[in-house]
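The structure appears below as structure tokens.
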Amino acid sequence: MASTPTDQLFKLIKTLTKAEKRSFKLYVNRIGGSETAKFIQLFDVLDKQREYDEEAIFRKIPTLKRSQLSNLKRHLLGQLLTSLRLIHISKYIDIEIREQIDYARILYGKGLYLQALKILDRVKKTAREAHQDHLHLEIVEFEKLIESRHITRSIENRAEELTDEAQRRGEIIYRTGLLSGLALKMYGLYIKIGHIRDEASARQVDAFFKANVPPIPLDEMTFFEKVYWNQAHMWYNYILQNFPMYFRYATKWVELFDQFPDMRTKDPDLYMRGLHHLLGSLFYLGDYERFCQAFEQLSAFIDAQESTFNINSRI
Numbered sequence: 180m181a182s183t184p185t186d187q188l189f190k191l192i193k194t195l196t197k198a199e200k201r202s203f204k205l206y207v208n209r210i211g212g213s214e215t216a217k218f219i220q221l222f223d224v225l226d227k228q229r230e231y232d233e234e235a236i237f238r239k240i241p242t243l244k245r246s247q248l249s250n251l252k253r254h255l256l257g258q259l260l261t262s263l264r265l266i267h268i269s270k271y272i273d274i275e276i277r278e279q280i281d282y283a284r285i286l287y288g289k290g291l292y293l294q295a296l297k298i299l300d301r302v303k304k305t306a307r308e309a310h311q312d313h314l315h316l317e318i319v320e321f322e323k324l325i326e327s328r329h330i331t332r333s334i335e336n337r338a339e340e341l342t343d344e345a346q347r348r349g350e351i352i353y354r355t356g357l358l359s360g361l362a363l364k365m366y367g368l369y370i371k372i373g374h375i376r377d378e379a380s381a382r383q384v385d386a387f388f389k390a391n392v393p394p395i396p397l398d399e400m401t402f403f404e405k406v407y408w409n410q411a412h413m414w415y416n417y418i419l420q421n422f423p424m425y426f427r428y429a430t431k432w433v434e435l436f437d438q439f440p441d442m443r444t445k446d447p448d449l450y451m452r453g454l455h456h457l458l459g460s461l462f463y464l465g466d467y468e469r470f471c472q473a474f475e476q477l478s479a480f481i482d483a484q485e486s487t488f489n490i491n492s493r494i
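In our numbering, the protein residues as written are 180 to 494.
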């Protein structure tokens, strides 16, 4: 059953921390407006409810008409999401990048295309370093649009460089899609059949995996391509109960974060999932010493970063 706007709003309010609630009220006090008092009242009523009770809303806010409630809830939901976006922008690199792209679009719409290009050039570096390939491509396509419509006096061969960059990034996105799809297929296969039971099922799993592995040279892969490559091989070996190889690919997954340490804070969930599988592989191998080392590594990371975790990370 699809969730209704009421479900979305009520559930969202119940996930808010005290700091988020405080920031939201500061935010709405800044924006003001005639509707502010009513949707703050609605927020307070919903915040105190254990279960959604529409009749209680009208009792608590007697000036609220039934015909107004739907629009008021929609407005409250939008303002909550805007407030949360402002709070969490520093935690999510993709939100930060999108904000800069939005600024560039606003400047471009005002005719300030050179200033827009400066922002795009700066944020493109951020997207590249954070391996945000889809956003990187969006930035390049925006740069191409500006260069094609205006005389910017850019460096020679700028058009060719942007075209090549867009093509390269598009290829990376395509390959990443293939590898993430393979990892998901292998996970889905494990959910469907579990571990192999005999030689026949082992041959079927082997044939399925080899038929779906894309021919991409490992030395050409980006960070996320390598992550998905290791995930796919990890699930393949886990299904086959080849625990030494399961350990090998779980280790490679975790080691990628040693090569790209900034990604630990940019995608902590992915890092901790890798450590989770590393611990699982060491458990199956009965390697108590290295299990303790990996557990200490995970515990130290959680202790250092837990204050920045979202709900998914805490789970």
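Virtual Cβ for every residue (Gly too), placed ideally from N, Cα, C.
Nearest-angstrom Cα distance between residue i and residue j?
i: L477; j: D448; result: 11 Å
i: K227; j: F189; result: 11 Å
i: K217; j: L195; result: 20 Å
i: A379; j: W414; result: 18 Å
i: N409; j: Y428; result: 5 Å
i: R452; j: L255; result: 35 Å
i: K304; j: D446; result: 18 Å
i: K197; j: I240; result: 23 Å
i: S201; j: V406; result: Before going on, a small fix: residue 201 reads as Arg here, not Ser. Cα to Cα, R201 sits roughly 38 Å from V406.
i: A479; j: Q420; result: 30 Å
Please identify the residue among the options whose C-alpha is closest to the C-alpha of residue i.
i: E340; options: H329, Q420, K323, Q279; result: K323
i: E505; options: A338, R277, K289; result: This structure cannot speak to residue 505, because the chain is shown only from 180 to 494.
i: Y292; options: I236, I330, L255, R264; result: I330
i: L464; options: V433, P423, K445; result: P423
i: P394; options: A306, I274, L361, D377; result: L361
i: H412; options: K389, P396, D398, M400; result: K389
i: T487; options: Y231, R201, K193, Y271; result: Y271
i: K431; options: Q472, H456, L419, T444; result: H456
i: V207; options: E468, N489, L263; result: L263
i: F387; options: L397, N416, Q472; result: N416
Where does residue i land, buried or exposed, given buried means 16+ other C-beta within 10 angstroms?
i: M180; result: Its pLDDT being 43, under 50, M180 is placed unreliably by the model, and the measurement read from it follows with that caveat. With fewer than 16 other Cβ atoms within 10 Å, it is exposed.
i: D312; result: buried
i: N336; result: exposed
i: Y287; result: buried
i: R245; result: exposed
i: H374; result: exposed
i: K252; result: buried
i: R328; result: exposed
i: T355; result: buried
Where does the unbroken alpha helix (DSSP H) through residue i begin, and where does it stop?
i: M451; result: 447-464
i: S249; result: 245-267
i: D437; result: 422-438
i: E344; result: 337-372
i: E234; result: 233-239
i: E230; result: Here E230 belongs to no alpha helix (DSSP H), and DSSP marks it neither H nor E.
i: T305; result: 292-308
Could you round the C-beta distance between residue i and residue j to whole angstroms and report it? I think they count as a contact, below 8 Å.
i: I236; j: L248; result: 7 Å
i: F474; j: L435; result: With a Cβ gap of about 20 Å, F474 and L435 do not count as contacting.
i: L461; j: F426; result: 7 Å
i: A283; j: I298; result: 4 Å
i: A338; j: E326; result: 6 Å
i: L205; j: L259; result: No, L205 and L259 are not in contact; Cβ-Cβ is about 13 Å, not under 8 Å.
i: I538; j: I280; result: The structure shown does not extend to residue 538, since the chain is modelled only from 180 to 494, so the question has no answer here.
i: V319; j: R348; result: 6 Å
i: L358; j: E404; result: 5 Å
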